Amino acid sequence: MAETAAVQHVRENEAIPDIDIYCGTATPELARLVAERLGRPLGRREVDHFADGECHVQIQESVRGRDIYIVQSTCPPVNEHLMELLVMIDAFRRASANRITVIMPYYGYSRQEKKSKGREPITAKLVANLLTIAGANRVVAIDLHSPAIQGFFDIEMIHLTAIPLLANHLHTHIDVHNAVLVTPDTGRVKVAEMYANLLNVPLVVMHKRRSGERGEGVEVGVVVGSVEGKHPIIVDDIIATGNTIITCAKTLLDAGAVPNMTVVLTHGVFSPAAEERLAMPEITQIVLTDTIPFHTPSLQQKTTVLTVANLLAEAILRLHQGRSISELFRNMPEEFPV
Numbered sequence: 013m014a015e016t017a018a019v020q021h022v023r024e025n026e027a028i029p030d031i032d033i034y035c036g037t038a039t040p041e042l043a044r045l046v047a048e049r050l051g052r053p054l055g056r057r058e059v060d061h062f063a064d065g066e067c068h069v070q071i072q073e074s075v076r077g078r079d080i081y082i083v084q085s086t087c088p089p090v091n092e093h094l095m096e097l098l099v100m101i102d103a104f105r106r107a108s109a110n111r112i113t114v115i116m117p118y119y120g121y122s123r124q125e126k127k128s129k130g131r132e133p134i135t136a137k138l139v140a141n142l143l144t145i146a147g148a149n150r151v152v153a154i155d156l157h158s159p160a161i162q163g164f165f166d167i168e169m170i171h172l173t174a175i176p177l178l179a180n181h182l183h184t185h186i187d188v189h190n191a192v193l194v195t196p197d198t199g200r201v202k203v204a205e206m207y208a209n210l211l212n213v214p215l216v217v218m219h220k221r222r223s224g225e226r227g228e229g230v231e232v233g234v235v236v237g238s239v240e241g242k243h244p245i246i247v248d249d250i251i252a253t254g255n256t257i258i259t260c261a262k263t264l265l266d267a268g269a270v271p272n273m274t275v276v277l278t279h280g281v282f283s284p285a286a287e288e289r290l291a292m293p294e295i296t297q298i299v300l301t302d303t304i305p306f307h308t309p310s311l312q313q314k315t316t317v318l319t320v321a322n323l324l325a326e327a328i329l330r331l332h333q334g335r336s337i338s339e340l341f342r343n344m345p346e347e348f349p350v
């Protein structure tokens, strides 16, 4: 996402005096970039741990009556970063901050937004409850695994997307004339359609089914659409183990796709297993954002990390000034549910 005129004006002229940006330990570099774009220093705080592992936070300056924005993804180690965020919110609330906005680029536990078996929790809802009870007044997240998570909150919840940022990079750095847009999961078709429309390329869907007459065999992928001789661009919101992506890539190759694939995602969780799987030579490019810090040296040469700092800075500025957030996505081919 290119720097907007509003953010550029702030950078070139004056800071916004009433906005205070703080961060936890999960995404300090992203927080620094956001603060820089708003012409503000990062607020002073101390985060450490007691001998038994308990998290301790101290805000090192007065925040009474201030508008506070906390930038903290709940990325691995998820529980530690989530608890740290809750403790920070509580500290600001007890220090009489006027309003606390949680900027949560990556919303951990978002894949547990429904029960898949009996007697399971809905942990994404629990996280929403915890943030609210701790004292957050509103929450901002990017590309939730399920947009329905917005409905888990009884406070204001703003849902942003990095799709225009990622699509713009693809448009300027990849020859899309021989490309197809691939979603590895039928549940992500709506998101994939947004990419396909922005890039003006055909959409291919990977449909999973069980082999055998009664569906008792192994799960196999069925390509819905033509990929023969095409350059696949595989899009997803999160990659954790990489298993879905690698299965998709192998199925595309078997269907005649060019062994020159691009993988595009918002949140790179990247377990050790994912690192090994994404090293597959037929995957030549990986494009993702910095909602989660990228620490995967073995994939560095073929990976491009785009910052969401401009998107977050513009959203913060609009929230602070009481302006429309949905205006940020007015060029989307269809309305994005902010």
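So this note's numbering is basically just the index in the sequence shown, starting at one, shifted up by 12.
Glycine included, every Cβ here is placed at the ideal spot set by N, Cα and C.
Computed from a predicted model, the values in this text were never measured in an experiment.
Measuring C-alpha to C-alpha distances from Thr278 to each of Pro244, Leu318, Glu326 identifies Leu318 as the nearest. Secondary structure note for Leu277: it is in no alpha helix (DSSP H), and the uninterrupted beta strand (DSSP E) holding it is 273 to 280. Annotation for Ala191: Val213, Lys242, His243, Ile245 place their beta carbon closer than 7 Å to its own, counting only its chain and skipping 5 residues before and after.
In this chain, Glu240 is not harboured by any alpha helix (DSSP H), its DSSP state being neither H nor E.
A Cβ-Cβ contact shorter than 9 Å links Leu42 with Asp302. The residues Thr195, Val217, in chain order, have a CB closer than 7 Å to that of Val201 in the same chain once the five nearest residues on each side in sequence are set aside. With a threshold of 16 other beta carbon atoms within 10 Å, Asn343 falls short and is exposed. Note that the C-beta distance between Leu340 and Ala321 is not below 9 Å.
Contact between the stretch 149 to 164 and the stretch 263 to 272 is absent, with fewer than three C-beta pairs closer than 8 Å. In this structure, the straight-line span from the alpha carbon of Lys126 to that of Ile134 is close to 5 Å. Under the DSSP assignment, Cys260 falls in the alpha helix (DSSP H) whose first and last residues are 255 to 266. Only residues of its own chain outside the window of five on either side were considered, and among them Asp79, Asn149 have a CB closer than 6 Å to the CB of Arg111, listed in chain order. Here Val99 is near His68, since their CB atoms are less than 9 Å apart.
Only residues of its own chain outside the window of five on either side were considered, and among them Arg57, Glu58, Ala103 have a CB closer than 8 Å to the CB of Gln70, listed in chain order.
Excluding sequence positions up to five before and after Arg123, its CB lies within less than 6 Å of the CB of His157, all in the same chain and listed in chain order.
Annotated as distal: Thr144 and Ile170, with beta-carbon spacing of 9 Å or more. A direct Cα-to-Cα measurement between Thr198 and Val247 gives close to 12 Å. When secondary structure is reduced to three states using DSSP, Arg57 falls in the strand class. Boundaries of the beta strand (DSSP E) harbouring Tyr34: 31 to 35, taken from the DSSP string.
Spatial neighbours of Ala325 in its own chain (CB-CB distance under 7 Å, excluding positions within 5 residues in sequence) are listed in chain order as Val19, Val46, Arg49, Leu50. Inter-residue distance for Asp249 and Ile33 is about 26 Å (C-alpha atoms, whole angstroms). Pairing His181 with Val299 gives a Cβ-Cβ distance under 9 Å. In the structure shown, Thr195 adopts extended strand secondary structure according to DSSP, grouped into three states.
In this structure, Ile251 lies near Val275, with their beta-carbon atoms less than 9 Å apart.
Residues Arg76 of the same chain have their beta carbon placed closer than 6 Å to that of Ser108, with the five preceding and five following residues left out of the count. Contact between Leu323 and Leu178 fails: their C-beta atoms lie close to 11 Å from each other, not under 8 Å. Beyond the five residues adjoining it in sequence on each side, Tyr118 comes within less than 6 Å, by CB distance, of Ser85, Cys87, His279, Thr303, Ile304 in the same chain, given in chain order. Straight through space, the alpha carbons of Glu73 and Ile257 are spaced by roughly 46 Å. Distance check between Tyr121 and each of Asp30, Val281, Ile31 places Val281 closest, using alpha-carbon atoms only.
Annotation for Thr308: Phe282, Glu287 place their beta carbon closer than 6 Å to its own, counting only its chain and skipping 5 residues before and after. The alpha helix (DSSP H) runs of length 4 or more contained entirely in the stretch 53 to 139 are, from start to end of the chain, 90 to 106. In this structure, Val83 sits near Ile115, with a CB-CB distance shorter than 9 Å. As DSSP reads the structure, Ile170 sits in a beta bridge with Val152. Per DSSP, the continuous beta strand (DSSP E) segment holding Gln297 begins and ends at 295 to 301. Bounds of the alpha helix (DSSP H) holding Leu331 are 321 to 333.
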